[in-house]
Amino acid sequence: MVGHTMIDPHITMVMMGIAYSMVASGLWPLIALVIPEYQLGTAYGIAQAFENLGLALVTILAGFIVDQYGYVWLERFFMANLAFGTISILGLWIYDNGRLGLLNMSTAQRSIHDANKL
37 MVGHTMIDPH ITMVMMGIAY SMVASGLWPL IALVIPEYQL GTAYGIAQAF ENLGLALVTI
97 LAGFIVDQYG YVWLERFFMA NLAFGTISIL GLWIYDNGRL GLLNMSTAQR SIHDANKL
């Protein structure tokens, strides 16, 4: 889509990198928040397995999209995935900020919160 505009592709690559890093930095820490500490290794292993499965399936799907519809539709597919992930993470962030802000607490704030919770 950028190929048909005068926008420098470096700008869109930076935007895409920021969005993907937001998704990754938002999802992986959630595992430690919802899983008991003694099960964290298993939880991270399962999450990594699902991520690898997703990467394998998306690669196959990307090849199918290119073969059937071309690169413009492949770009649209990846942009739709990126938009969905970014909107989901922003929604989670807004929801969390409306609550106690647990997802953005520092270690010290988390310790105080956990001590008060008991």
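The working numbering numbers the first residue of the sequence shown as 37 and each following residue consecutively. The C-beta atom is built at its ideal place from N, Cα and C for all residues, glycine as well. For clarity, every value in this text was computed on a predicted model and none was experimentally measured.
Residue i and residue j closer than 9 Å at C-beta
i	j	result
Leu136	Gly62	no
Ala79	Ile71	yes
Leu139	Pro65	yes
Leu97	Phe120	no
Nonlocal neighbours in the same chain, by C-beta distance under 7 Å from residue i, ignoring five residues either side
i	result
Ala83	Ile67
Own chain residues within Cβ distance below 6 Å of residue i, not counting five before or after
i	result
Ala55	Leu118, Thr122
Cα-Cα separation between residue i and residue j, rounded to whole angstroms
i	j	result
Ala92	Met52	20 Å
His149	Met141	9 Å
Thr95	Asn152	47 Å
Ile111	Leu89	Here residue 111 turns out to be Glu, not Ile, going by the sequence shown. Going from the Cα of Glu111 to the Cα of Leu89 covers about 21 Å.
Phe100	Tyr107	11 Å
Arg146	Ile47	37 Å
Residues near residue i in its chain [Cβ-Cβ closer than 8 Å; skip 5 each side]
i	result
Ile43	none
Proximity winner among the options, relative to residue i (alpha-carbon distances)
i	options	result
Ser124	Ile47, Met58, Met49, Val50	Met58
Thr143	Glu111, Val50, Leu69	Leu69
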